[in-house]
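Novice: Using this note's numbering, the first residue of the sequence shown is number 630, and each one after it goes up by one.
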Amino acid sequence: MIYIHDRALHLLRVGTSRPDAVFREGQDEAIRHIIEGRGRLLVVQKTGWGKSFVYFIATKLLREEGKGPTLLISPLLALMRNQIAAAERMGVRAATINSDNQDEWTEIETRLVRNEIDILLISPERLANERFRTQALAGIADQISLLVIDEAHCISDWGHDFRPHYRLIERIARTLPPNLRFLATTATANNRVMEDLVAILGPGLEVSRGDLNRSSLTLQAIRLPGQAERLAWLAEQLSILQGNGIIYTLTVRDANQVADWLKSRGFNVEAYTGETGDRREGLEQALLNNQVKALVATTALGMGYDKPDLAFVIHYQMPGSVVAYYQQVGRAGRALDSAYGVLLSGEEESDINEWFIRSAFPTRQEVSDVLGALEEAPDGLSVPSLLGRLNLSKGRIEKAIALLSLESPAPIAKQGSKWQLTAATLSEAFWERAERLTALRRDEHRQMQEYVSLQFGEHMDFLIRALDGDPTIVTPPALAPFPTRVNSELVGEATVFLRRTNLPIIPRLQWPAGGMPQYQIRGKIPEHLQAKPGKALCIWGDAGWGGHVRKGKYHDHHFADDLVTACIKMIHEWNPQPAPTWVTCVPSLRHPSLVPDFTKRLAAGLNLPFEMVLIKTDNRPEQKTMANSIQQALNIDGSLAIKHRPVAPGPVLLIDDMVDSRWTLTVSAWLLRLNGSGAVWPMALAQAGHDQ
């Protein structure tokens, strides 16, 4: 097939809506390579280079010559909206099959059969879906003219963002016909990842690699251990920082908290996380249109989001690896002469990153538990059934199942909604890989700690060297550094804000699957026996009051008076109606006086009587040792009772130090209502954090 440069250039100009657009170095050559069928190609180019234009233009040219559709496998379907819009301007008919548009699947499959789709976009997880493989893919498999693997570093175990289902692509790549056009793209591949990709995607994989330097980016790292210091820094600098940008956080709750703080200071910002739901597209567009100063985001807004004039990317905490950081900070300054990338480093980030590292793979015990449970159930078990049998969280069970099912040969397989053992046994290579990658993640974390300690002007050189690029072309920063000192008055206001934050305790409406056998209850909780919506003062161990609660429980064995004062203030602002007329608390055999002592002082401050009416009937393991909701419910089942009947009839404030699964408060409220109390308003000092 003959490549026509002028036609490709015309498509680029239509897609970019720029009549003067020209190809970036390597783009034209990559498209030509695909069209002329020169073999498999891996394109490694920095974020913003325009990798999507390569495969969209190639798709359009192939279709104009009567070739079949393109299949694009990408983890970024939700973030490819602006790229798809560019493709549609070029006349490329794009469609996606994913878990969010199941009601469109039949129509899309029909259009595929009619040859009315030019490029089909799917996630790697879709390849594990039997319905997709048999009803959608099988019908077009022999017609596909181009297979594109986007974010190809996800294939490599060594990649910072390894996706387990990308292992399915590895197997597909090995069975492809040699004449099928094949393109893999990534922005983040060091030599180790590159070698892995060449081995996996070969034979004869040609690599097109550009330079990694971002001369428009001025990088800086500032160590500010406390969250109040970083909040103050953001409020001070955002008021003078030009343009629009992204502020990255490591956790969802930090994204929400930072956004709330900046809103309270008058900034037009919004939180963007995996929990943002159907608002995500609107928020992406708002930032594209400069309608918000910044999005405060987790990595949910990562690979695939393209705003060429993004003026800054600020990290509220240190990411886990150089590759991840380069990929995120590289969103800034693509079409600007200068932009900022600032990393604020805090004391909590090491604990958070360590939690991510520890939870990346199931433990040997977790795998043994899952396989053991399946061995005892020849007909198989669903995930809910496993939750009822194992003291493991849903996330840990799903992680183990996902990784085990993707082994080759796999020791488990899915039949309908149930998982069953196969004849295969788990290879020791599985554990060797887990140990190797866990060690790698810790090395990457140490490398980022080194990055934080660098002097201003050294950061881009460090990133390029770490990514095995050419540091000789790095130029000095174009912009002046930010101040590293923080306004003490603003720090004080941020501290007050952190201590003012409280969290809702949402009442449970239903007993767990299987019910509570000892209490002989199951199904829905009658409305008149439910707890009312409650409040928790803080996140356990977090900035604000969280550290004070942890210190009081495990160090002082006494909650300080300032926590009493803070809770009284929170209750007055909350103002639950009908107002409580008395106060009680959840009992504990392990710490018998800790919560009652706090509750008595709280009741006195509220001028309400305190009555200890609940008792613990037997000693059970701490709730934090129970890993999922069903196990937590069964751990409470039958362990609480009413000491004296009837109880006071008025509305009651029910106090506990910690809330996690909410089963303790749910059962306590049920017992109180069953025995004559009025409305039950739960209140806890802290909600469990990630270290709980």
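Built from N, CA and C at the ideal position, the CB exists for glycine as well.
These figures come from a predicted structure and were not determined experimentally.
Quick one: measure Cβ to Cβ for Gln1139 and Gly1152, integer angstroms, because I've assumed they're closer than 8 Å.
Specialist: 7 Å
Novice: Alpha carbon to alpha carbon, how far is Thr847 from Ile876?
Specialist: 16 Å
Novice: Tell me, please, which residues DSSP counts as bridged to Gln1044.
Specialist: Lys1047
Novice: Work out the CA separation of Ala1256 and Leu1243 for me, nearest whole Å.
Specialist: 25 Å
Novice: Tell me where the beta strand (DSSP E) around Val1212 begins and ends.
Specialist: Trp1211 to Cys1214
Novice: Kindly indicate which three-state DSSP category Asp852 falls into: helix, strand or coil?
Specialist: The amino acid occupying residue 852 in the given sequence is Arg; Asp does not appear at that position. Note: Arg852 maps to strand in three-state DSSP.
Novice: Contact between the segment 982-995 and the segment 1006-1018: three or more CB pairs below 8 Å?
Specialist: no
Novice: Tell me where the beta strand (DSSP E) around Cys1167 begins and ends.
Specialist: Gly1163 to Ile1168
Novice: Could you say which of Asp1072, Ile664, His1186 and Leu1166 lies nearest to Glu1352 if we only look at CA atoms?
Specialist: Not covered by the structure: residue 1352. The range shown for the chain is 630 to 1321.
Novice: When DSSP labels each residue in this structure, what does Val1012 get in the three-state scheme?
Specialist: helix
Novice: Tell me whether Phe652 sits in a helix, a strand or coil according to DSSP, three-state version.
Specialist: coil
Novice: Does Gly1234 come within less than 8 Å of chain B when only Cβ atoms are used?
Specialist: No chain B is part of this structure, which consists of one protein chain only.
Novice: Measuring alpha carbon to alpha carbon, tell me which of Ile869, Met1089, Val721 and Glu977 ends up nearest Gly959.
Specialist: Met1089
Novice: Going by DSSP, what residue range makes up the alpha helix (DSSP H) through Thr1293?
Specialist: Trp1292 to Leu1303
Novice: Taking the C-alpha atoms as reference points, what is the distance between Arg852 and Phe1091?
Specialist: 17 Å
Novice: Measuring CA to CA, which of Val996, Trp1169, Ala767 and Asp1266 is closest to Asp1247?
Specialist: Asp1266
Novice: Cβ atoms of Val925 and Ala888: under 8 Å apart, would you say?
Specialist: yes
Novice: To the nearest angstrom, how far is the alpha carbon of Gly1175 from that of Ser997?
Specialist: 35 Å
Novice: Using three-state DSSP, classify Gly911 as helix, strand or coil.
Specialist: helix
Novice: DSSP beta-bridge partners for Gly874?
Specialist: Ala923 and Phe941
Novice: Taking the beta carbon of Tyr1080 as the centre, do at least 16 other beta carbons fall within 10 Å, making it buried, or is it exposed?
Specialist: buried
Novice: Please tell me whether Ala1262 and Asp1285 are closer than 8 Å, where the distance is taken between their beta carbons.
Specialist: no
Novice: By the 10 Å Cβ neighbour count, where 16 or more other Cβ atoms means buried, how is Arg1137 classified, buried or exposed?
Specialist: Burial call: buried.
Novice: Would DSSP call Gly1148 helix, strand or coil?
Specialist: In the sequence as displayed, the identity of residue 1148 is Tyr instead of Gly. Looking at Tyr1148 - three-state DSSP - the assignment turns out to be coil, as it is neither helix nor strand.
Novice: Output the residue ranges of the alpha helix (DSSP H) runs that lie fully inside the segment 1200-1240 and measure 4 residues or longer, sorted by chain position.
Specialist: Fully enclosed alpha helix (DSSP H) runs of 4 or longer: 1223-1235.
Novice: Going by alpha carbons, who is nearest to Pro1038 out of Gln957, Thr817 and Ala1058?
Specialist: Closest by alpha carbon: Ala1058.
Novice: Could you spell out the range, first to last residue, of the beta strand (DSSP E) harbouring Tyr969?
Specialist: Ala968 to Ser974
Novice: Which term fits Pro807, buried or exposed, when burial requires 16 or more other beta carbons within 10 angstroms of its beta carbon?
Specialist: Exposed is the call here.
Novice: Look up Glu633 in the DSSP assignment and say whether it is helix, strand or coil.
Specialist: For the sequence presented, residue 633 should be read as Ile rather than Glu. Note: Ile633 maps to coil in three-state DSSP.
Novice: Is it right to say Pro1221 is buried, meaning 16 or more other beta carbons lie within 10 angstroms of its own, or is it exposed?
Specialist: exposed
Novice: So, is Ala714 buried or exposed, given that buried needs 16 or more other C-beta atoms within 10 angstroms?
Specialist: exposed
Novice: Whose CA, out of Gln1076, Tyr945, Trp1048 and Thr1067, lies closest to the CA of Thr878?
Specialist: Tyr945
Novice: Note down, in chain order, each residue of its chain lying with its Cβ closer than 7 Å to the Cβ of Arg1179, except the 5 sequence neighbours on either side.
Specialist: Trp1169 and Gly1170
Novice: Leaving aside the five residues before and after Leu930 along the sequence, list all residues of the same chain whose C-beta is less than 7 Å from its C-beta, in chain order.
Specialist: Ile875, Tyr901 and Leu924
Novice: What is the DSSP secondary structure of Thr1194, counted as helix, strand or coil?
Specialist: helix
Novice: When you compare each of Pro1207, Ala1063, Pro1100 and Glu913 to Pro991 by their alpha carbons, which one comes out closest?
Specialist: Ala1063
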